[in-house]
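Residue numbers (the working numbering): 7 to 472.
Heads up, the beta-carbon is just placed ideally off N, CA and C, and yes, glycines get one too.
Structural data, given as structure tokens:
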């Protein structure tokens with residue numbers, strides 16, 4: 007087997023297709039490094055500008071009483087490892103905005119960074135896309151003639167006379183081609199990382215390096231699957247041209263057709279309400295509250311006007327409006343959960359394709375896509391809880407406040423220390439959380455690889471070398 011490995015590896019490394027493939031890989035990964043460097047720099051600049059604007063707005067509030075008028079933002083930090091598997095983070099909302107007063111628009115996710123049309127043109131060229139498409143095709147190109155090609159040239163029958171077992175022949179070719187592909191991948195990764203560090207000033211910590219390591223492992227399993235597929239096809243056909251046609255057909259099915267099936271199926275069989283329908287449902291909550299409180303759900307006489315009866319009407323109204331707000335928030339939060347569930351289901355169905363397994367697994371390992379968006383919403387709600395608790399403590403410390411949370415005009419009017427207001431800091435999903443999210447895809451991909459390897463072994467054992 008070692009001799010087969012040496013011969014096959016030398017043949018691949020000195021072939022035209024390796025040189026052409028390596029050039030293509032260097033160009034594609036170079037574009038990746040340049041594009042994501044520019045995107046990261048733009049995101050960092052806009053992130054800092056957004057923070058400065060928000061701090062300026064915050065400084066305008068002099069008392070607790072008017073602080074509920076402020077929009078609070080839970081903003082995603084620029085993602086250093088977007089180049090690995092962006093998961094659509096350049097298009098998805100990156101800010102969850104809310105208010106703590108009882109009046110106002112519902113909480114919601116928005117995108118607050120601008121988009122550069124030139125950069126977005128190449129935005130899909132992350133590592134997961136390049137490996138999922140370009141490298142899977144290269145794997146098939148490398149091995150499509152490994153068996154059928156040697157038969158047509160007459161060398162396969164000759165090799166059998168040297169007492170080389172068919173399993174040794176298969177595994178030697180498998181390991182040699184996989185080594186050549188991984189060498190190309192490592193060269194491309196180094197080119198991309200070099201540009202990211204020099205142009206984008208992207209510093210990678212321990213967590214980022216762990217994600218890179220997991221990505222390499224996942225890529226190795228994925229490429230092994232396609233090498234085994236190519237060897238299997240080569241072992242069930244007798245002419246390289248036939249092998250190539252079959253390989254191209256299956257590649258298109260895996261890359262284009264199967265990943266798109268999930269979206270088409272979900273759109274037909276699992277519809278979620280539109281935003282207009284949710285707005286209508288939310289607006290009906292007002293009628294429910296007005297009926298429950300007999301029309302006394304919104305009586306506000308002002309700070310001086312309500313003193314006579316200790317704000318009896320206002321206290322009823324604050325209970326009513328807080329209940330109304332919580333009911334409406336639950337409607338919008340349920341809508342958001344259903345969108346997340348739909349996105350996960352689309353990815354699950356698309357994972358019937360090995361490419362879907364790989365690309366969505368890479369997104370999970372990198373902590374992007376649905377995992378990162380769910381983290382943003384969860385952290386935004388946790389931040390609001392902290393903020394409201396802080397607000398209550400400050401207001402309750404003022405004996406002159408009416409303590410009607412959170413209605414401006416009935417709260418503390420003492421000077422506000424802006425620096426004491428809690429700030430939001432986005433925490434990326436941990437490597438462990440990403441790995442747990444990706445685990446079933448990794449296991450499934452490894453299982454498919456073993457099945458394809460077994461199929462290739464069986465096919466070669468039955469192959470007629472004459």
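- DSSP places residue 103 in the strand class (E or B) of the three-state scheme.
- Rounded to the nearest angstrom, the gap between the Cα atoms of residue 17 and residue 157 is 17 angstroms.
- The three-state reading of DSSP puts residue 177 in helix, counting H, G and I together.
- In this chain, residue 115 is not harboured by any alpha helix (DSSP H); it is covered by the beta strand (DSSP E) spanning 114-116.
- The segment 105-115 makes contact with the segment 382-400: 3 or more CB pairs, one atom from each, lie closer than 8 angstroms.
- For residue 49, the uninterrupted alpha helix (DSSP H) run begins and ends at 22-65, by DSSP.
- The C-alpha of residue 443 is placed about 35 angstroms away from the C-alpha of residue 240.
- Of the candidates 48, 68, 59, 48 places its Cα closest to the Cα of residue 84.
- Going by C-alpha positions, residue 130 is about 24 angstroms away from residue 433.
- The beta carbon of residue 185 sits closer than 7 angstroms to those of 15, all from its chain and outside the five residues before and after it, given in chain order.
- Residue pairing from DSSP places residue 79 in a beta bridge opposite 103.
- Within the DSSP secondary-structure output, residue 421 pairs in a beta bridge with 69.
- Counting the other Cβ atoms within 10 Å of the Cβ of residue 266 gives fewer than 16, which makes it exposed.
- Excluding the 5 residues flanking it on each side, residue 430 has same chain C-beta neighbours closer than 8 angstroms at 78, 79, 80, 81, 385, 386, 389, in chain order.
- Taking a cut-off of 8 angstroms on C-beta distances, the segment 353-367 does not touch the segment 324-335, as fewer than three cross pairs fall below it.
- Between residue 300 and residue 336, the alpha-carbon positions lie close to 23 angstroms from each other.
- Considering only 289, 271, 311, 291, the residue with the shortest C-alpha distance to residue 352 is 271.
- In the three-state DSSP reduction, residue 449 falls in the helix class (H, G or I).
- Around the Cβ of residue 257, a 10 Å sphere holds 16 or more other Cβ atoms; the residue is buried.
- Just so you know, the alpha carbons of residue 243 and residue 150 end up roughly 10 angstroms apart.
- In this structure residue 259 is not in contact with residue 40, their Cβ atoms being roughly 32 angstroms apart against a cut-off of 8 angstroms.
- Shortest Cα-Cα distance from residue 220 to any of 169, 281, 134 involves 134.
- Shortest Cα-Cα distance from residue 183 to any of 426, 152, 294 involves 152.
- Between residue 458 and residue 234 the beta-carbon gap is near 4 angstroms, inside 8 angstroms, which marks them as a contact.
- As for any alpha helix (DSSP H) of minimum length 4 sitting wholly inside the segment 226-254, there is none.
- Judged by DSSP in its simplified three-state form, residue 300 adopts coil rather than helix or strand.
- Rounded to the nearest angstrom, the gap between the Cα atoms of residue 375 and residue 365 is 11 angstroms.
- If you draw a straight line from the Cα of residue 340 to the Cα of residue 287, it comes to about 12 angstroms.
- For residue 147, the enclosing alpha helix (DSSP H) stretches over residues 142-149.
- In the displayed model, residue 378 falls within a helix according to three-state DSSP.
- Taking a cut-off of 8 angstroms on C-beta distances, the segment 93-100 does not touch the segment 57-65, as fewer than three cross pairs fall below it.
- Put simply, of 226, 108, 245 the residue whose alpha carbon is nearest the alpha carbon of residue 415 is 108.
- In this structure, the alpha-carbon of residue 53 lies about 56 angstroms from that of residue 173.
- Ranked by Cα distance from residue 263, the first of 177, 187, 227, 356 is 356.
- Taking C-beta atoms as the reference points, residue 214 and residue 87 count as a pair closer than 9 angstroms.
- Within the same chain, and ignoring the five residues on either side of residue 250 in sequence, the residues whose Cβ sits closer than 6 angstroms to its Cβ are 150.
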